[in-house]
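**Student:** Got a structure for you, questions after.
Residue numbers (my numbering): 53 to 410.
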């Protein structure tokens, strides 16, 4: 077995594993499960500081991103895609899949987003139905000020969709204060449950935009409106993965009880970045660091694949490479959720030093 120190999936606490083994009922028919599902959704809303409704969807985090775009986008809709990373740019695929017309706001992939430049862009370009933002772009580790960005977009009546899959519960996020219309999270990152679930919070403004569409949503599984009045009707659009949701609920309760989690993520993020530089390594980013993942440039005359393999073979620790334009160029250490302990981070850094010194 490997110690998982990747930027998702992360380590899973024993009580989460045990919750997933509890006896099951029929989630389509048992009224108690409808209560349990709604209570779990409300717990997520509370942790994200929002009055907006949360929905838990049976699918990995990508489903939440696609569902947001599928539910909002009609053919020809103008959509702003903020591109300062692989996942930021990737939102365009979902927008175009459902017929939207993409305009990019492009910013450096290695430096923190410049809010003054963003404001200047919006003064000249603001005829958009909605905008897509990424909180932490996991391949590069860049952290975006999504609350500030969303508030600025709302000055022009632009709805906002935020991918916070890799930042949520490891970085501060207040959905209502940021006026974020749809925020997407996932089970396998800082929440530290197994992969397989996504959840979205949906504002009343976003719901109205979906309901006022002139064309049908071109999906069933990625259609957020199919959950409308699920509790009153005692009907789910598809059978809920009950064991996954029980594990998710326990992981959420772990997060709620861990009142020091954000301070710990910040401390360990800073510790990791300092240790990496003390080794003589270079960080991929110049600024805008997320406290959930550290991205390191592969040293000259070394191979990312070799480093990852030796970390597994010699130290039984799994860290990650990256993909797309960063494939082979960087390695990544995930210090989020259950990975965010001083002992695990130190063990990982010590193992990395030994691999690079030999």
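Glycine is no exception: its CB is placed at the ideal position from the N, C-alpha and C atoms. As the structure is a computational prediction, the values presented were derived from the model and not from experiment.
Considering only the beta carbon of each residue, do residue 298 and residue 120 sit closer than 8 angstroms?
**Tutor:** Their beta carbons are not under 8 angstroms apart, which means residue 298 does not touch residue 120 by this criterion.
**Student:** Cα separation between residue 309 and residue 75?
**Tutor:** Roughly 25 angstroms separates the two Cα atoms.
**Student:** Check whether the segment 194 to 208 touches the segment 170 to 183, counting contact only when three or more Cβ pairs, one atom from each stretch, lie closer than 8 angstroms.
**Tutor:** Touching, yes.
**Student:** Starting from the C-beta of residue 301, find all residues in its chain whose C-beta is less than 6 angstroms away, skip the five residues before and the five after it, and write them out in chain order.
**Tutor:** Result list for residue 301: 92, in chain order.
**Student:** Taking 8 angstroms as the threshold, find out whether the segment 175 to 192 comes into contact with the segment 358 to 371 through three or more Cβ pairs.
**Tutor:** These segments do not touch.
**Student:** Whole angstroms are fine: how far does the CA of residue 410 sit from the CA of residue 113?
**Tutor:** Taking the straight line joining both Cα atoms gives about 38 angstroms.
**Student:** Using a Cβ distance threshold of 8 angstroms, determine whether the segment 241 to 251 contacts the segment 217 to 227, with at least three qualifying pairs required.
**Tutor:** Verdict: yes, contact present.
**Student:** Taking DSSP as the reference, what is the three-state secondary structure of residue 370?
**Tutor:** Looking at residue 370 - three-state DSSP - the assignment turns out to be strand.
**Student:** How many Å lie between residue 389 and residue 330 at the Cα?
**Tutor:** Cα to Cα, residue 389 sits roughly 25 angstroms from residue 330.
**Student:** Note down, in chain order, each residue of its chain lying with its Cβ closer than 7 angstroms to the Cβ of residue 227, except the 5 sequence neighbours on either side.
**Tutor:** Correct list, in chain order: 100, 101, 102, 104, 235 and 253.
**Student:** At 3 residues or longer, and completely inside the segment 103 to 130: list those beta strand (DSSP E) runs for me, N to C.
**Tutor:** Runs of the beta strand (DSSP E) inside the segment 103 to 130: 105 to 109.
**Student:** Name the two residues that bound the continuous alpha helix (DSSP H) containing residue 314.
**Tutor:** First-last of the alpha helix (DSSP H) with residue 314: 313 to 330.
**Student:** Near residue 289, what residues of its chain come up, given a Cβ to Cβ distance below 6 angstroms and the 5 sequence neighbours on each side ignored?
**Tutor:** Cβ within range, chain order: 278.
**Student:** Give me the residue from 324, 267, 281 and 59 with the minimum Cα distance to residue 129.
**Tutor:** Minimum Cα distance to residue 129 is reached at 267.
**Student:** Applying the 10 Å Cβ sphere with the 16-neighbour rule, what's the burial state of residue 375?
**Tutor:** The residue in question, residue 375, is exposed, as its Cβ has fewer than 16 Cβ neighbours within 10 Å.
**Student:** Cβ atoms of residue 156 and residue 133: under 8 angstroms apart, would you say?
**Tutor:** For residue 133 and residue 156, yes; Cβs fall inside 8 angstroms.
**Student:** Quick one: what's got a C-beta closer than 7 angstroms to residue 86's C-beta in the same chain, skipping five residues either side?
**Tutor:** Cβ within range, chain order: 283 and 286.
**Student:** Given that a residue counts as buried once 16 or more other Cβ atoms are within 10 Å of its Cβ, and exposed if not, what is residue 83?
**Tutor:** That one is exposed.
**Student:** Buried or exposed: residue 224, going by 16 or more other Cβ atoms within 10 Å of its Cβ?
**Tutor:** With fewer than 16 other Cβ atoms within 10 Å, it is exposed.
**Student:** So what does residue 237 bridge to, in DSSP terms?
**Tutor:** Note: residue 237 sits in a beta bridge opposite 251.
**Student:** Here's the rule I'm using: 16 or more other beta-carbon atoms within 10 Å means buried, otherwise exposed. How should residue 343 be labelled?
**Tutor:** The residue in question, residue 343, is buried, as its Cβ has 16 or more Cβ neighbours within 10 Å.
**Student:** Helix or strand or just coil, what does DSSP make of residue 297?
**Tutor:** Residue state, collapsed to three classes: helix.
**Student:** Output the distance between the C-alpha atoms of residue 108 and residue 260, rounded to the nearest integer angstrom.
**Tutor:** Going by the C-alpha atoms only, they are around 20 angstroms apart.
**Student:** Taking 7 angstroms as the limit between beta carbons, can you name the residues of its chain near residue 270, skipping five residues before and five after?
**Tutor:** Contacts found: 122 and 150.
**Student:** Mind listing, in chain order, the continuous beta strand (DSSP E) runs of no fewer than 3 residues lying wholly within the segment 254 to 279?
**Tutor:** Those beta strand (DSSP E) runs which fall completely within the segment 254 to 279 and span 3+ residues do not exist here.
**Student:** From what residue to what residue does the beta strand (DSSP E) around residue 348 run?
**Tutor:** Counting along the chain, the beta strand (DSSP E) containing residue 348 begins and ends at 345 to 349.
**Student:** For the alpha helix (DSSP H) containing residue 405, list its first residue and its last residue.
**Tutor:** First-last of the alpha helix (DSSP H) with residue 405: 394 to 409.
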